[in-house]
Each structure stands twice: as structure tokens, then as C-alpha cells.
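K.L.:
Protein chains in written order, with the working numbering: chain A, 1 to 228; chain B, 1 to 234.
What follows is the structure, encoded as C-alpha cells:
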């Protein structure tokens, strides 16, 4: 379903412009990291791409159809077992219950939650819940996976688990588009950067070049402020 | 004081001895109010879910109206149902006035707004939390609503119990549409009202005690269920 083509994409809530005329072409393959300060519009951009928000201007165009999934900063777990949370997504995607159960079991094993299969999802730890959220998304075999600061509320160990899984999901052929505040994580996981400032797309460059030679003064300031 | 303690003693004798009249009155009360709560749940829950998840014109006024209707005085509902069911009324042909069915209808009308309005609130709160995730997974309004009802099932159970409590405890509506006919439409609350005015305190007190115990039992049940759900499902 890629490339994803954004054309003069805009979004405003009331009188406040949040995304201001972003045009970009996002190709299959490289892991795309969306960077920017708080309020730059990263989350809104992801939601526009994923279809959770409707643009107030411009277009989001996918090439053909396919499956996309999203993992949020705070995972939303249904009041049922870990297994049933994964099955739920698969059933909505039209899989038979048999098929869904098999697939869900496999994915839970892949995210190392087999021992929690029948635990109520809401009593899992934060890290386990986020792994379960990844499993729920991964089970769908998405062409594109959006991740909105997936490790923002996790400790370092849980963060490492999530990063490893994101790499594995990418290796299985899924395009990764994620936001993060953690620049180390951006470097570890990213191939290219979309840098936003105040709702505008300032840079769209390979990750190495972004960190070594930011082309814009905004990016330079951002890196100086955010880097330790 | 002796009158009161004598009345209490007599009331206990009636309860402990499973007095036939007492049992019949309690039985009819439960039958009427349980039927009403069952029907009201079938109407109120889907209505609450629809109002929580649906986005349509007139939704907000409808929610306000529903919330306001939670406070409807039972006597007024009784009066309206009376007018509808009375001989000359539009539904008079069914001959339902002064039957338990009429009482079920009145109590259903009384508690539909309670169940609908409170479940709307519960499901709406859950929807705020779940909306993005469910839409991301591709849930349409109907499957989202069903998911939310299932996920809020313990709060909804509490709401249904509250509805039952309200139905079992009201006097005005059943008095008017039931007519408080001995052996036919006499329930706990109407009997208490009648026996008190007649001066037969033991029966009134006995029924009062049972009614209060029933309400306490229901609330305890609700609290236990919630606590269990909280621990089990988070």
C-alpha cells in the first residue's frame, strides 16, 4: 500500500492550526522516525495518516489497499485475557475464531507472553501491556505499523524489549512509522527522519545526516536542546 | 414505646413464621419489579450504548432529557399509565388496569431512564478511553458498542441493581395503576402504606424490614461484584 503520499496536508482544531501544509512521500522499507518538540504535531500527523483524524485540508493517499495498525503511548487493554485481546483484533479483521486463536498464540510467543496467555490483560505490568499491544498489532500482519511514543511511559528494561520487538516486526516486512522523544532510540531504530516544527515539515532526511548535519536552524536548535 | 416494641416483636413473628400473606406480598413485589427491571434493561442498555457511541443530531438534548427523566416522580408516571390504560384511554381495550402487568409497565417506564442514562455515562467514559484503539482495529459503531457493554459489564450490573432498588421501593406508580387490590396487586410498598394508615403496624413493619434488608442485600451484592471485578480484571 506504500508509498504514502501526503499533499498539502493540514489539520486545525477550531482556530488552532496544528498541521500546516505538509507534503511528503513516505516509501516502503526504511523505518521512519517522526521527531519534533512537544506540540510540533507528531501525534496528530500519525493519526491523520492512520485515518483516526480527518484532514481539514490536503490529502493522505495510499497506493492501493492493505493493512495498517497503530500502537499508542498508553496501551488500551480490553477487560479480558491477553489471548482474547489479540483474538479481538484478528476477529475484527475478519479471521475465523480458529485461525485467530492459532495466530494469537504464535504472536504471544513471539513477544514472550506465552506464560501470560490467560491472565487478564489489565493486570499485566506496563511493559507487558505494551508488548501485548505490539502483539495485537503484529498479529494483523500489517503492511504499515504506526507507533506513537511506544516507550514513553516504560522503564529502560521494558523499553529495550519493545525496541527489540519493533526491529523484529520491521524485519518481518512491516513498514515502521514512529514518534519518540528519545533521540538515542531514534538513532537505534530509525533509518530516516521527518522533523516537524510548529506543524510544518522542516526536514525529511536519512537519520545519520539529520544528527550529524541538520540542514535547518530549527533542527540544530532542537538537537542542541534535546541531546544530553 | 411499648407499642413500637410490640409491633417489632409481631413483625419478627410474621417474618420468622413465613406468614402466608406476607410471603404473597413479597413474592408479587419481586415478580413485578424483576420483570420491570428485565424489560427496562433490554430497552435501556442498548439505548444507553447508542447514545454513548452514536454521533447524531439531537443526541445532546436527548441525553439531557434522559438525565432529567431519572427524577420523574413515580406518581406522575402512575397517573400517565393510568390514563393510557383506563377504559377510555388509548390502550384501554387490553384491560390491563389494576393488574400486575400494569404495574410492570409503570415500573418499566420509571427505570428505563435510570438504566439508560447511567449506562450511557459508564459506556461514554469507556468510549473516551477506548475510541482510538477500537477505531484503529477497525471496529464499527455496533461492534464498538458491544465491546464497551461487555467491558463495562460490572458497572452495568450495579446500574441494573440500582434500577431494581428504585422499582422495588416506589409506591406512587404501583398504587395508582395497581389499585392495591388484596391478593391481586398488593405489593410491599403499597401494603406498608395501607396497613400503616389502618394502624396494623406489625405487618407494615415486617414488610418494611424485609424491604430494607432486600435493598441492603442488593447494595452489598453490587459492592462485592465490583470488588471482585476490580481484583480479577483490573
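Don't be surprised by glycine CBs; every beta carbon is placed ideally from N, CA and C.
1) Would the segment 87-96 of chain A and the segment 168-178 of chain A be scored as touching if the rule is three or more Cβ pairs under 8 Å?
2) Applying the criterion that 16 or more other CB atoms from any shown protein chain within 10 Å of the CB defines a buried residue, is residue 85/A buried or exposed?
3) With 16 as the cutoff for other CB atoms within 10 Å, does residue 149/A come out buried or exposed?
4) Take the Cβ of residue 64/B as the centre, count every other Cβ of all protein chains shown within 10 Å, and call the residue buried at 16 or more, exposed below.
5) Would you kindly work out how many angstroms separate the C-alpha atoms of residue 81/B and residue 109/B, rounded to a whole number?
6) Beta strand (DSSP E) containing residue 178/A: first to last residue?
7) Closer than 7 Å by beta-carbon distance: list the chain A residues that pair up with residue 132/B, in chain order.
8) By the DSSP assignment, the beta strand (DSSP E) with residue 50/A in it spans what residues?
9) Is it true that the CB of residue 59/A sits closer than 9 Å to the CB of residue 12/A?
10) Is the segment 133-147 of chain B touching the segment 12-20 of chain B, taking contact as three or more C-beta pairs under 8 Å?
11) What are the residues of the segment 108-140 of chain B that lie near chain A, defined by any Cβ-Cβ distance shorter than 7 Å?
12) Would you kindly report the start and end of the unbroken alpha helix (DSSP H) that includes residue 102/A?
13) Distance check for residue 45/A and residue 62/A, CA to CA, integer angstroms please.
14) Identify the continuous beta strand (DSSP E) that holds residue 210/B and give its terminal residues.
15) Would residue 213/B be called buried (16 or more neighbouring beta carbons within 10 Å of its own) or exposed?
16) Just to make sure I have the definition right: I need the residues of chain A whose C-beta is within less than 7 Å of the C-beta of residue 234/B. Which are they?
17) Determine the extent of the beta strand (DSSP E) in which residue 70/A is found, giving its start and end residues.
18) Considering residue 23/A, what are the terminal residues of the beta strand (DSSP E) in which it resides?
19) Is there a Cβ from chain A that is less than 9 Å from the Cβ of residue 12/B?
20) Considering just the uninterrupted stretch of the alpha helix (DSSP H) at residue 61/B, what are its terminal residues?
21) Going by beta carbon distance, what residues of the same chain come within less than 6 Å of residue 190/A, once the five residues before and after it are set aside?
22) Please name the residue or residues paired with residue 204/A in a DSSP beta bridge.
23) Where does residue 120/A land, buried or exposed, given buried means 16+ other C-beta within 10 angstroms?
P.N.:
Taking the structure as given:
1) Below 8 Å, too few C-beta pairs join the segment 87-96 of chain A and the segment 168-178 of chain A to call them touching: fewer than three.
2) Flag for residue 85/A reads buried.
3) With 16 or more neighbouring CB atoms inside 10 Å of its own CB, residue 149/A falls in the buried class.
4) Residue 64/B is classed as exposed because its beta carbon has fewer than 16 other beta carbons within 10 Å across all chains shown.
5) Distance between the alpha carbons of residue 81/B and residue 109/B is about 9 Å.
6) Residue 178/A -> beta strand (DSSP E) spans 175-179.
7) Chain A residues near residue 132/B: 52, 72.
8) Taken as a continuous stretch (DSSP letters only), residue 50/A belongs to no beta strand (DSSP E), being part of the alpha helix (DSSP H) at 42-50.
9) Their beta carbons are not under 9 Å apart, which means residue 12/A does not touch residue 59/A by this criterion.
10) Not touching, per the Cβ criterion.
11) Going along the segment 108-140 of chain B in chain order, one finds 129, 130, 132, 133, 135, 136, 137, 138, 139 with a Cβ nearer than 7 Å to chain A.
12) First-last of the alpha helix (DSSP H) with residue 102/A: 97-110.
13) The straight-line gap from Cα to Cα measures roughly 15 Å.
14) Unbroken run through residue 210/B is the alpha helix (DSSP H), 201-233; no beta strand (DSSP E).
15) The residue in question, residue 213/B, is exposed, as its Cβ has fewer than 16 Cβ neighbours within 10 Å.
16) Neighbours of residue 234/B across chain A, judged by C-beta separation under 7 Å: 120, 122, 123.
17) Start and end: 68-71.
18) For residue 23/A, the enclosing beta strand (DSSP E) covers residues 16-26.
19) Taking Cβ atoms only, chain A never reaches closer than 9 Å to residue 12/B, which makes this a no.
20) It spans 59-69 - the alpha helix (DSSP H) in which residue 61/B sits, taken as one unbroken run.
21) So the qualifying residues of the chain are 31, 33, 207.
22) Assignment of beta-bridge partners to residue 204/A by DSSP yields 194/A.
23) Burial of residue 120/A is indicated by the presence of at least 16 other C-beta atoms within 10 angstroms of its C-beta.
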